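Reading through the C-alpha cells given below for one structure.
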Amino acid sequence: MIPSYIVAPLVGGVIGYITNALAIRMLFRPHHPKFFLGHQIPFTPGIIPKEKSRIAASVGEAISENLMNEDVMHRSLLSDEMLSKIREAVSSFFARQQQNPETLRQFLSHYLSEEEISQIASKCEGDLTTMISKKLANSDVGDKIAHAAVAHVMSKMMHFGNGIGEVLKDNGIGHGGGFGDKAKRFIGRVFGQTATDTTKDFISALAEPVEHALSNNINEMLDKNSADIVGGLITQETGTLLSTPMKTLLKDRDDDIRQATDSIVSLYIKLIKEQLPKILAAINISKIIEDRINDMDMAEAERLIFEVMDKELKAIIWLGAGLGFIMGFINCLL
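Under the working numbering, the first residue of the sequence shown is numbered 199, with each subsequent residue one higher.
The following block contains the structure:
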C-alpha cells in the first residue's frame, strides 16, 4: 500500500495540473453559448468570447494611448536609425538608376501605365506651352530682342570703318597713305570711333524707328505664333527626355543626387513633424485594432494566443501542478 504522504502530494499535483489546464481552456472555450432544456449553461461561452467586444475596445485604447501614441511614433519615425535607413535607401535607389539602361519611359512604366505616362507628358507639355507662350506674348521680349539686335548692328557699324580699312590694307590696296588708308579714315569718320557727333546722332535717329518697327513685328509674331513655336519645341524635348536612358540622365550628377537625397530626407522629416498628428487622427489606431479583434474568429484568436504564449501558458499549468503537490504534502503534515 502506497503511503498517504506520497499519494496526497501526487493527487494534489494532478488536480492542480488539470484545474489550471482546464481554466486556461475555459478562457476561450466554448466559443459560443451552450443551452440545455432552453437554459444557457453557466460559463458558456468562454470568458474571452463573452467579453470579446469589451476586450477589443480596451486593447485598442491601451495600444493607441501607450504603445503607438504620437510621441512614441514621432521618436521612432525621426530616430537617427530611421533617418539613416531612409538616406541609405534613397542613395541606393539613385545608385541603381545610375547603372540603369532603361529609358525614362521604361522606368516610369514600372509604376504607371503607358496611358498614364502619355497623359502626364501631354498635360505637362500643354501646361508649359500655355505658361511660356503667355509670358512671351504678354512681356517685353520683342522689345528686348529688337533693342539687342539694333545695338549689335550699331556696334558693328561703329567698327565697320576700321575693319574695312584693315581688310583693304591686308589685301595690298593703298599702302603708305594710299586708298586703303583713306578709305579707313573716311568710313571711320562716318561710322566708327572717329565719327562726328552729327553722324552718330544720325545713326541713333535711324536706329530708333528701326528698333520700334522690329519690336512690333516680333511682338506680333510672338502673339500669334508663340504657342505653336513653344509647343513644338517642348513636345520635341519631351520625346527626347522620355527616350533618354536613366543612366545618361544621371551621369555625372553626383552633386545633384546628394542634394536630391538631402531634400527627400528633409521632406520626410517635415512631413512627419507637420502631418503625423493628422495621420494618426485619420487612421484611428484604436478603432482599427478594435475592429480587427472583433472581426477575428475565436478559433483563430485562440490559435494565435497559444502560439505566442505557449511557453508561458504551459508554465502556468505546471505551476498549478507544483502548487497542488505542495498543498497535498502540507495536508499530510497537518
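Ideal Cβ placement from N, Cα and C applies to all residues, glycine included.
Just so we're clear, the structure is a prediction, and the values are computed from it rather than from any experiment.
Residues near residue i by beta carbon distance below 7 Å, same chain, minus five either side
| i | result |
| --- | --- |
| Ala347 | Leu412 |
| Leu281 | Val463 |
Cutoff 6 Å; reference residue i; Cβ partners in own chain excluding five residues on either side
| i | result |
| --- | --- |
| Gly375 | Confidence is the limiting factor: at Gly375 the pLDDT is only 48, short of 50, which leaves the residue's position unreliable and the question unanswerable from this model. |
| Leu511 | Ile222 |
| Gly429 | Thr327 |
Beta-carbon proximity check, residue i vs residue j, cutoff 9 Å
| i | j | result |
| --- | --- | --- |
| Asn482 | Ser290 | no |
| Gln297 | Lys445 | yes |
| Leu440 | Leu306 | yes |
| Phe226 | Met496 | yes |
| Ile246 | Ala499 | yes |
| Thr242 | Lys232 | yes |
| Glu537 | Glu259 | Residue 537 lies beyond the residue range present for the chain, which begins at 199 and ends at 532; the question has no answer from this structure. |
Three-state secondary structure (DSSP) of residue i
| i | result |
| --- | --- |
| His237 | strand |
| Pro231 | coil |
| Asp278 | helix |
| Lys382 | Interpretation of Lys382 is limited by its pLDDT of 49, a score under 50 that renders its predicted location unreliable; no figure is taken from the coordinates. |
| Thr242 | coil |
| Tyr215 | helix |
| Tyr309 | coil |
| Met507 | coil |
| Glu249 | coil |
| Leu225 | coil |
| Gln317 | helix |
| Gln457 | helix |
| Gln296 | coil |
Residues bridged to residue i (per DSSP)
| i | result |
| --- | --- |
| Pro443 | Thr301 |
8 Å Cβ shell around residue i - same chain, five flanking residues per side excluded
| i | result |
| --- | --- |
| Tyr215 | Ile515, Trp516, Gly518, Ala519, Gly522 |
| Leu275 | Ile470, Leu474 |
Host alpha helix (DSSP H) of residue i (start-end)
| i | result |
| --- | --- |
| Arg451 | From DSSP, Arg451 is part of no alpha helix (DSSP H); its letter is neither H nor E. |
| Glu263 | Where Glu263 is concerned, there is no enclosing alpha helix (DSSP H), given that its DSSP letter is neither H nor E. |
| Asp489 | 483-493 |
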